[in-house]
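In the working numbering, the protein residues as written are 11 to 315.
Where a beta carbon is used, it is the ideal one built from N, C-alpha and C, also for glycine.
Written below as structure tokens is the structure these notes are about.
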């Protein structure tokens with residue numbers, strides 16, 4: 011970008027889109043919009059409404075740095091420091107997993123399980139940025155959620171997001187391994203346990219896109235040899251924390267949903283596999299923990315929602 015030229019928002023948008031396209035960005039216009047939004051403080055709609063506004067010197071410097079990072083392959087969300095998810099915009103930063111659109115299905119299933127419960131108690135395990143816990147509390151105002159993560163960086167970020175969004179009174183963030191950080195008095199009282207755990211089989215990590223493998227934390231990606239290491243521990247442990255009619259709701263790799271459903275029948279009476287918007291099996295919902303009760307005949311079923 012030439013420093014002596016007067017750069018309007020439109021000129022900057024056009025230049026950034028072209029430059030990022032040359033550098034291999036799969037959606038250069040979207041990247042350019044978000045980078046301009048971050049540099050100017052305008053929304054993506056406003057950058058078109060004020061397309062002839064000149065950029066100030068600090069804005070040009072911020073945009074230049076952002077374009078440089080994005081062109082080098084850094085995830086757009088880390089460059090801008092935020093991501094849109096459902097009805098929220100949350101802060102993200104390196105060291106914490108970037109929320110994905112498919113995780114919105116996890117929230118849908120959680121809200122479905124909590125429908126009709128006025129003041130549900132929920133645990134969001136492997137909470138990362140806190141986006142699942144925060145979405146549940148925003149869309150179910152009576153819910154109280156404990157968000158847990160083993161990463162201190164994730165805990166700090168989830169706390170920051172809860173405070174910034176005014177939801178800190180509804181979301182308690184604690185550091186701990188799976189359900190280990192919860193107060194013991196919650197045992198047997200939870201209406202739902204929700205999780206987006208690490209679920210990529212270890213052998214597939216080397217084949218992830220560089221944008222993921224080189225920047226996002228392995229701790230939040232590696233699901234063990236078959237991708238179900240964390241799922242098994244959680245499904246077993248959650249049974250002791252849930253109410254008799256409670257549900258554990260977990261996002262998984264599409265290739266492991268069937269196996270996870272079969273295993274979940276060891277601890278739960280009812281298991282279903284739910285599909286995302288592209289039709290792929292994505293989320294396991296296991297209800298009614300056995301906890302010593304005789305298991306009625308159960309079957310794994312798939313549901314298109």
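Throw me the rounded Cβ distance for the residue i and residue j pair, which I believe falls under 8 Å.
{"i": "residue 257", "j": "residue 301", "result": "About 14 Å; that fails the 8 Å criterion."}
{"i": "residue 62", "j": "residue 33", "result": "Rounded, the Cβ-Cβ distance is 27 Å, inconsistent with contact."}
{"i": "residue 1", "j": "residue 42", "result": "Residue 1 cannot be examined here, being either before or after the span of the chain that is shown, 11 to 315."}
{"i": "residue 84", "j": "residue 225", "result": "6 Å"}
{"i": "residue 206", "j": "residue 100", "result": "14 Å between Cβ atoms; not a contact."}
{"i": "residue 296", "j": "residue 245", "result": "6 Å"}
{"i": "residue 113", "j": "residue 221", "result": "Actually they are not in contact, since the Cβ atoms of residue 113 and residue 221 sit about 17 Å apart, beyond 8 Å."}
With H, G and I counted as helix, E and B as strand and the rest as coil, what does DSSP make of residue i?
{"i": "residue 233", "result": "coil"}
{"i": "residue 93", "result": "strand"}
{"i": "residue 284", "result": "strand"}
{"i": "residue 82", "result": "coil"}
{"i": "residue 110", "result": "coil"}
{"i": "residue 214", "result": "helix"}
{"i": "residue 62", "result": "coil"}
{"i": "residue 75", "result": "helix"}
{"i": "residue 151", "result": "coil"}
{"i": "residue 54", "result": "coil"}
{"i": "residue 238", "result": "coil"}
{"i": "residue 310", "result": "Model confidence at residue 310 stands at a pLDDT of 41, short of 50, so the residue's coordinates are unreliable and nothing is read from them."}
{"i": "residue 42", "result": "helix"}
{"i": "residue 298", "result": "strand"}
{"i": "residue 290", "result": "coil"}
{"i": "residue 205", "result": "strand"}
{"i": "residue 134", "result": "strand"}
{"i": "residue 20", "result": "helix"}
{"i": "residue 99", "result": "strand"}
{"i": "residue 104", "result": "coil"}
{"i": "residue 127", "result": "coil"}
{"i": "residue 226", "result": "coil"}
{"i": "residue 219", "result": "coil"}
{"i": "residue 118", "result": "helix"}
{"i": "residue 139", "result": "coil"}
In its own chain, which residues sit with a C-beta less than 8 Å from the C-beta of residue i, not counting the 5 before and 5 after it?
{"i": "residue 120", "result": "132, 142, 146, 202, 204 and 259"}
{"i": "residue 53", "result": "47"}
{"i": "residue 69", "result": "49 and 50"}
{"i": "residue 150", "result": "121, 124 and 130"}
{"i": "residue 313", "result": "Residue placement at residue 313 is flagged as unreliable, the pLDDT there being 37, under the threshold of 50; the coordinate-derived value follows with that caveat. Here the set comprises 282, 283, 284 and 285."}
{"i": "residue 91", "result": "48, 101, 102 and 103"}
{"i": "residue 60", "result": "19 and 52"}
Got a sec? Which residues, its chain only, sit under 6 Å from residue i by beta carbon, not counting five neighbours each side?
{"i": "residue 164", "result": "106 and 138"}
{"i": "residue 252", "result": "200 and 299"}
{"i": "residue 18", "result": "62 and 64"}
{"i": "residue 72", "result": "49"}
{"i": "residue 39", "result": "27"}
{"i": "residue 130", "result": "124, 153 and 201"}
{"i": "residue 95", "result": "109 and 141"}
{"i": "residue 89", "result": "76, 79 and 80"}
From the beta carbon of residue i, is the nearest beta carbon of chain D less than 8 Å away?
{"i": "residue 82", "result": "As a matter of chain content, chain D is missing from the structure shown, which is built from one protein chain."}
Could you pull out every residue in the same chain whose Cβ sits closer than 7 Å to the Cβ of residue i, ignoring the five residues on either side in sequence?
{"i": "residue 307", "result": "Annotation note: pLDDT 35 at residue 307 (below 50); position unreliable, coordinate value reported separately. Same-chain partners within the cutoff: there are none."}
{"i": "residue 317", "result": "Outside the shown range of the chain, which is 11 to 315, sits residue 317, and nothing can be said about it."}
{"i": "residue 187", "result": "160"}
{"i": "residue 98", "result": "141, 144, 145, 148 and 175"}
{"i": "residue 242", "result": "273"}
{"i": "residue 194", "result": "none"}
{"i": "residue 117", "result": "96, 142, 145 and 146"}
{"i": "residue 128", "result": "152"}
{"i": "residue 169", "result": "183"}
Exercise. Quick check: the region 283–292 against the region 234–243, are there 3 or more CB pairs under 8 Å?
Worked result: Contact between the region 283–292 and the region 234–243 is absent, because fewer than three Cβ pairs lie under 8 Å.
**Study point:** Completely contained beta strand (DSSP E) runs for the region 154–199, where each covers 3 or more residues
**Key:** 154–159 and 181–185
Mind the definition here: the region 35–49 touches the region 79–94 only if three or more C-beta pairs lie below 8 Å; say whether that holds.
yes
Every unbroken beta strand (DSSP E) inside the region 248–286 [3 residues or more]
252–261 and 278–285
Below 8 Å, can you find three or more Cβ-Cβ pairs linking the region 147–160 to the region 175–193?
yes
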